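Just so it is clear: in the sequence shown, position 87 is 69 by my numbering, and no numbers are missing. Only one structure is covered here, and it is reproduced in the block below.
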Amino acid sequence: MWVFQRRRARRPESITKVHVGAGGVHLDGWWNVDLRHAPGVDEVMDVREGMPFRDLSLIYAEHFIEHLTLEEALLFLAECRRVLAPSGVLRLSTPNLDWVMLTHYHFADRIALNDALRDCLMTNKAFHGWGHRFLYNKEMLGHCLAHAGFSTISFHRYGESTRPELQNIERHETYLDGPALPHLVIAEATGRQAKTGLIEPFFSEYTAALKA
């Protein structure tokens, strides 16, 4: 059974585009949901408990999935696949773990104590600051999307998409990309397939360690 906290605004009968983790960013033409009330949020909803939609054409979540545990994220992605139409698209934008490690931790270049202290603090800030729970590289996010049952997964730069509705949709502040390494992993997933297994034994070891 789903339990939702709702605003006074009535949910339209026909919703096709849902913006998850909207915060104070209201996207016109979208149903903007968030765990807490904020200006621009159409409905207060904890999507970890499920989403009361069906046959959506688009779901968008910017700087959201990294605030979930990995187990919560896997459930969320599976729920997105469930409520999207077969041709519906999920677009995710999340910090790139590869970029964080390359720009925050300088293994070979560190020559001073202050550099070592800075690298340690800044790396931990990236992992734990702002309520982050799990950071993804491109491969891990793609693997999780396939595990959720998406058959077609593509990766894009900030603001870029083959779908007009998803072009220039990002609103979050940006950082400097590397020549071949963007600071964000932005994925679009669509289609359906049988769910794939997660990489073992690493996944089991990871989840067991968190529960120990």
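Using N, Cα and C, we set each Cβ at its ideal position, and we do this for glycine too. These numbers were taken from a predicted model, which means no experiment stands behind them.
Using a Cβ-Cβ distance cut-off of 8 Å, the region 70 to 89 and the region 42 to 59 are in contact, since at least three pairs of beta carbons, one from each stretch, lie closer than that value. Contact between Val167 and Leu123 holds, with the beta-carbon distance rounding to 5 Å and staying under 8 Å. Sequence-distant partners of Glu147 (beyond 5 residues in either direction) whose C-beta falls short of 7 Å from its own C-beta, in its chain, are Leu40.
Three or more beta-carbon pairs drawn from the region 129 to 142 and the region 155 to 171 are found closer than 8 Å, and the two stretches are therefore classed as touching. For Asn14, the enclosing beta strand (DSSP E) starts and ends at 13 to 16.
Under the DSSP assignment, Phe137 falls outside any alpha helix (DSSP H), being part of the beta strand (DSSP E) whose first and last residues are 134 to 138.
With a minimum length of 3 residues, the unbroken runs of beta strand (DSSP E) contained wholly in the region 82 to 138 fall at 134 to 138.
Short of 6 Å from the beta carbon of Leu17, and not among the five residues preceding or following it, lie these beta carbons of its own chain, in chain order: Asp28. Contact annotation: Ala55 and Gly3 have beta-carbon atoms that are not nearer than 8 Å. Cα atoms of Phe109 and Arg100: separation of roughly 14 Å, rounded to the nearest angstrom. Taking every protein chain shown into account, the CB of Ile181 has fewer than 16 other CB atoms within 10 angstroms, so this residue is exposed.
In the three-state scheme derived from DSSP, where H, G and I count as helix and E and B as strand, Lys177 is classed as coil. For Ala55, the enclosing alpha helix (DSSP H) stretches over residues 52 to 65.
CA-CA distance, Arg174 to Ala67, rounds to 9 Å.
A residue is called buried when at least 16 other Cβ atoms come within 10 angstroms of its Cβ; Thr144 does not meet this threshold and is exposed.
For Thr76, the three-state secondary structure derived from DSSP is strand. Thr189: member of the alpha helix (DSSP H) spanning 184 to 193, first to last residue.
Residue pairing of Val167 in beta bridges, as defined by DSSP: Thr76. When DSSP states are grouped into helix, strand and coil, Glu152 belongs to the coil group. Under DSSP, the beta-bridge partners assigned to Ala43 are Val2, Leu74.
In the three-state reduction of the DSSP assignment, Pro68 falls in the strand class.
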